[in-house]
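To keep things clear, I will list the structure first and then write my remarks on it.
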Amino acid sequence: MKNILHLVHYIVVLFVLNIPSIENVDRSNFKTCEQSGFCRRQRKYKPDRSSYEIDLNTIKIVKSGHLRCLLLDNTKSHVKFKLDIFTLEHNSLRVKINERNPIRRRYEVKHSLVGEPKLVDMNITNLDGNQIQGSFGKAARFLLHVKPFRLDLFTNDMFVMNVNSKHLFNFEHYRKKTHEHATVGFFWMNAAEGWIDVNHNKNLFSTATKPITDNIEIPEVTTHWMFESGIFDGFFFMGPTPRDIFKQYTTITGAAPLPPLWAIAYHQCRWNYIDEDDVRGVLNGFEQHQIPLDVIWLDIEHTNGKRYFTWDLKKFPNPEKLQNDIAFYRRKLVTISDPHIKKDDAYHIYSEAKARGYFVKTKDGQDYEGSCWPGSSMWLDFFNPDISQWYSQRYLLENYKGSTENLFLWNDMNEPSVFNGPEITFPKDLVHHGGWEDREVHNLYGMLQHMSTFQGLVNRSHGHIRPFLLTRSFFAGSQRTAAVWTGDNSAQWSHLKVTVPMLLSLSVTGFGFIGADVGGFFSNPDPKLLVRWYQAAAYQPFYREHAHIDTTRREPWLFGNDNTRLIRQSIEARYTYLPYWYTLFYKQERQGVPPMLPLWANFPKDKNTFKTEDSFMIGNGLLVYPVADADINQISVYFPGENTIWYDLRTFNPYKGSETVLINVNMESIPAYQLGGVIIPRRLRKRRSSMIALNDPITLIVTLDRYLEAKGELYMDDGYTYDYRRKRQLVHRRFIFKNNELRSKSLDTSSKFVTEAWIERIIVLGYPKNPNKVIINSGDKHATPLHSYQAATHTLVIRRPGPLVTSDWTLTIS
């Protein structure tokens, strides 16, 4: 089995993002590959020929969509392996390889999947005795070579990947020409420790695939994946477009659910707000400086000696009243709950878990004891379903004393962090439920904690209120229950710059609700860096300022009036776009497409987007170029897409696609551009919090393409419950501008949501001339709203057209 885990060469054009190195940890605490026996051996393993062959006599169809055979190792070991190939819905393929009779069991990850993947029929053809072909889905097929074992994958008769051509149980990705119908993806499901070597090779395929490439030199990226244990369990996604890949992956692992509206607004956090007076003072500061806020956070110091599910009653004597006061302006409180449990017989969580035998064990069967924030600590074994359920129940109001339904959660330190452990985590020989060593399952631990927390929050409201939960540790499938942030960054310009590729890497792997600590967790940012960070993060999914306990206070009004104004403008900009963000998060739940995207996801034909790491898109409509360097007055902006038009949202100036332009910037600048052909809903009225604005009117920003057309969507609901699922209490509208008409129609005719929100303003950019008249028809009502036209920017503004967002209407420009 060891040869299986010599594993994979992963060659991909679109799914690898290079992330610059971030020096925020002491690397001496962590092993290198050379210091790890299995990694060192696997790197050196380079056979000339594969020793693996398919036993042709064992090939059988277990059931429709499932082929099984034996894979033989012709070395001295003569080990036999089970090879299972599954053809799945949405043009996907699963390959599993495991020992037929293992000396010891190997762990198979289950928690990442949303049930068993749905099989589709495969049509098998035996070609010549040495090759077996299977076709499935939409023009997808595989070619299984018997001797030596190799698996080739095709879509639309184009070769896209293969397994084991380099004799390492590898898979490779190739295409002669990069275009929008040639995107593929791979999901490797393994929870053990692993290394991935990334290599660049200009002429990688000139020898590896000479019969296919005709010696075309194509620069690609190869990755060699090396894991200590587990089985080969890989999912191949055949695309053919980036959005198909997102759908295929989230069909397997689940899409991120729609978060509460307030959760995608602005959060204020630090380690730590000292006491109730401090919290109230911060809230008053936001009121005095008229800065929107939705959530305030409490770190570990709010507890009684780092005993989670408790309060330091000297500092927080009346936590329920504090939460009710926070809720006055419909704001929320988040508290922290880490997985380490303080060893203290007087602590009810510890004593009950100890009595029940709920802690992770050593190899000798004793409760494992390590060090973390409380000092001597134990860790719950979340692999045991009974323990997970018990932990979930700790979040019920009757168990978490002092909590209310206005309190939500943060699971930190859940890798888990063990201060005196090897590599600051669990020893590999600890034993979890089922007899599994930590080396087999380590990377699942954090996910199992936050899944338990999520379920506890759901149960707390009897399934009525949507939870919010932030986690530091996560795994494939974590997106179903938690938001994610990038961990403890630092107040450096390089850390601001690297947030974009980090967040995009998370985004394309299914994690749509993501962010980085504004200003940097460690150290003190200078005012200019802090302002630039607020500006960048205003256009990223999770928007939270957070800081270390040893940093100076960092509330938005502490850096002088000018900087307070700039930070306020950034946060206000975020709030104006909440209708658009919320619509994108709903579409993510439905379609699997994350809100924050690399440029190539929307423009796969444009090769110039493949290496872009300094900009990103929000949905298909907004292009954002954060200013991430000190003391610059210009940035280079590339506008993607042939024959596209981009509109500067401050000046309304248009720019042509497929061009790079030097843009002047100052401290006021947040370079953001709306694509022609898109309609984006916004709320322009200023409010204290997002939920107060729930029924506020909508402004539509219509940016016309070269055909003078545009389209967009708006989604609304009550902002916090599951009624949008259970009772269809929602509004989902489609807007289409074409032939001088703007129409609104429902995308969900079964919806029943009632709202007072109405269309307050329509701004059309790129309209060629001043119209004579604007008429709006909604049912049997007709009106002629006021309009104005700016010839210099070709901007048409229609004021107070008036229809409710729930109604069908047509606006005609004549």
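FYI, the numbering for the sequence shown is -24 to -1, 1 to 790, going by mature numbering (1 follows the signal peptide of the UniProt record, and there is no 0). Beta carbons are placed, not taken as given, at the ideal position from N, Cα and C, and that holds for glycine.
query: C-beta contact flag for residue 247 and residue 275 at 8 Å; result: yes
query: Limits of the alpha helix (DSSP H) - the one that residue 19 falls within; result: 13 to 20
query: Contact with chain D by residue 67, beta-carbon distance below 8 Å; result: The structure shown contains no chain D; it is built from a single protein chain.
query: Per DSSP, the bridge partner or partners of residue 818; result: Past the boundaries of the shown model lies residue 818; the chain is included only from -24 to 790, so the question cannot be answered.
query: Exposure of residue 438, with buried meaning 16 or more beta-carbon neighbours within 10 Å; result: exposed
query: Residue 300, buried or exposed, once every other Cβ within 10 Å from all chains shown has been counted against 16; result: exposed
query: Nearest to residue 363 (by Cα), restricted to the options 352, 421, 307 and 308; result: 421
query: Backbone CA spacing between residue 185 and residue 128 [nearest angstrom]; result: No answer about residue 185 holds up, because its pLDDT of 40 lies below 50 and its placement is not dependable.
query: Straight-line gap, residue 449 to residue 398 (C-alpha atoms, nearest Å); result: 18 Å
query: N-terminal and C-terminal residue of the beta strand (DSSP E) that residue 633 is part of; result: From DSSP, residue 633 is part of no beta strand (DSSP E); its letter is neither H nor E.
query: Between the CA atoms of residue 136 and residue 151 - distance to the nearest angstrom; result: At residue 151 the pLDDT is 39, less than 50, meaning the model places this residue with poor confidence; the figure from the coordinates comes in the next sentence. Those two C-alpha atoms are separated by around 6 Å.
query: In chain order, each beta strand (DSSP E) run of at least 3 residues that lies wholly inside the region 600 to 658; result: 610 to 615, 621 to 624, 630 to 632, 635 to 640, 648 to 651 and 654 to 658
query: Residue 253 to residue 576 span [Cα, whole Å]; result: 48 Å
query: Rounded separation between residue 655 and residue 546 - CA only; result: 22 Å
query: Residue 788 in three-state terms, based on DSSP; result: strand
query: Buried/exposed call for residue 683, threshold 16 Cβ in 10 Å; result: exposed
query: Those runs of the beta strand (DSSP E) which lie wholly inside the region 31 to 101 and span at least 3 residues; result: 42 to 49, 56 to 64 and 68 to 75
query: The region 326 to 336 in contact with the region 427 to 446 per 3-pair CB rule at 8 Å; result: no
query: N- and C-terminal bounds of the beta strand (DSSP E) containing residue 507; result: No beta strand (DSSP E) contains residue 507, which is instead part of the alpha helix (DSSP H) from 503 to 513.
query: Own chain, CB closer than 8 Å to residue 26, minus 5 neighbours either side, in chain order; result: 124, 125, 126, 140 and 143
query: Distance between residue 582 and residue 132 (C-alpha atoms, nearest Å); result: 21 Å
query: Alpha-carbon to alpha-carbon, residue 573 and residue 37; result: 40 Å
query: Outcome for residue 81 when other beta-carbon atoms lying within 10 angstroms are tallied against a minimum of 16; result: exposed
query: For residue 411 and residue 723, the rounded distance between their alpha carbons; result: 50 Å
query: Which listed residue (560, 348 and 39) has its alpha carbon closest to that of residue 690; result: 560
query: Secondary structure, alpha helix (DSSP H): runs of 4+ residues fully inside the region 263 to 322; result: 295 to 302
query: Residue 772 beta carbon less than 8 Å from that of residue 747; result: yes
query: For residue 458, the three-state DSSP class (helix, strand or coil); result: coil
query: With 16 other Cβ atoms within 10 Å as the buried cut-off, status of residue 67; result: buried
query: Cα-Cα separation, residue 505 to residue 487; result: 26 Å
query: Given 8 Å, three or more beta-carbon pairs between the region 475 to 487 and the region 527 to 542; result: no
query: Bridge-paired residues (DSSP) for residue 572; result: 594
query: Nearest candidate by alpha-carbon position, reference residue 498, set 166, 527 and 455; result: 527
query: Closest by C-alpha distance to residue 20, when choosing among 495, 208 and 202; result: 202
query: Reduced DSSP secondary structure (H/G/I, E/B, other) of residue 770; result: coil
query: Through-space distance from residue 564 to residue 730, alpha-carbon basis; result: 23 Å
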